[in-house]
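Residue numbers (the numbering used here): 1194 to 1458.
In what follows, a structure is listed as structure tokens, so that the remarks can point back to it.
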């Protein structure tokens, strides 16, 4: 388990070339990434079919694997991932608050079912991540959606921070999603009051040891159950000025948990 693949989501570093990105990722201590295949990044969706495989090759030249992308589920994205050998597209499933929740859920079932031919054609899975706010949020909500889909092509992405601010126990949440799990995200957060009149609250994304999520418990649960897929660190911090410092500290913290567990078992 000491050699578990840990990737970093490169969203914070959009204003550099692919080569600069690779060098920066290595300096932070990572050899794998999740890439934001979105507008405004090193490769954009409209250029994905040609541009993304080139970016993946550039990363390989530096010894960096691209393990997943965060993007949409249009055919060019599937084609780009299939050509580049990247097997997972991460999405979130938003909920239309103007309509019944279950209608939104069924609409997502329809959208996901409609891209099944792309999954089959290009050999790429869709991973759905739970997310606070107007999204499929809790682990049980995500399981409900996945139970309606083909498990060969659709999976769960458990996010430690969003699960924690739903006040889920990590052991319970991971057991709910276990047979669907394709990726886990390790970031942390707590709910912060941002105004008093009216009272408003919003997630504040922070470092590993300052948020609600207990990474030790989550990692122990995953490793006991034999989790062998990628662990992704989204590098999401509300204090954006110190992202590089925080992600290096959190990577060391996460690696120490994994190493300590391995030495004890």
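Glycine included, every Cβ here is placed at the ideal spot set by N, Cα and C.
Quick caveat: nothing in here was measured; it's all calculated off a predicted structure.
| Query | Result |
| --- | --- |
| Cβ-Cβ distance between residue 1270 and residue 1219 below 9 Å | no |
| Bridge partners - residue 1381, DSSP secondary structure assignment | 1399 |
| C-alpha gap between residue 1304 and residue 1203, whole angstroms | 27 Å |
| Residue 1223: first and last residue of the uninterrupted beta strand (DSSP E) it sits in | Careful: residue 1223 lies outside any beta strand (DSSP E) and carries neither H nor E. |
| Cβ-Cβ distance between residue 1283 and residue 1289 below 9 Å | no |
| Residue range of the alpha helix (DSSP H) that includes residue 1274 | 1268-1277 |
| Endpoints, the alpha helix (DSSP H) within which residue 1347 is located | Element bounds for residue 1347: not the alpha helix (DSSP H) but the beta strand (DSSP E), 1347-1352. |
| Strand pairing of residue 1426, partner residues [DSSP] | 1201 |
| C-alpha distance - residue 1350 paired with residue 1318, whole-angstrom precision | 12 Å |
| Own chain residues within Cβ distance below 8 Å of residue 1195, not counting five before or after | With a pLDDT of only 47 at residue 1195, under 50, the local geometry of the prediction cannot be trusted, and the value read off the model is given with reservation. Cβ within range, chain order: 1451, 1452 and 1455. |
| Cβ shell of residue 1276 (< 6 Å), same chain only, five flanking positions each side left out | 1246 |
| Same chain, Cβ closer than 7 Å to residue 1440, neighbours up to 5 away in sequence not counted | 1201, 1221, 1426 and 1428 |
| Length of the line joining the Cα atoms of residue 1369 and residue 1340 | 11 Å |
| Alpha helix (DSSP H) segment containing residue 1412, residue limits | 1408-1417 |
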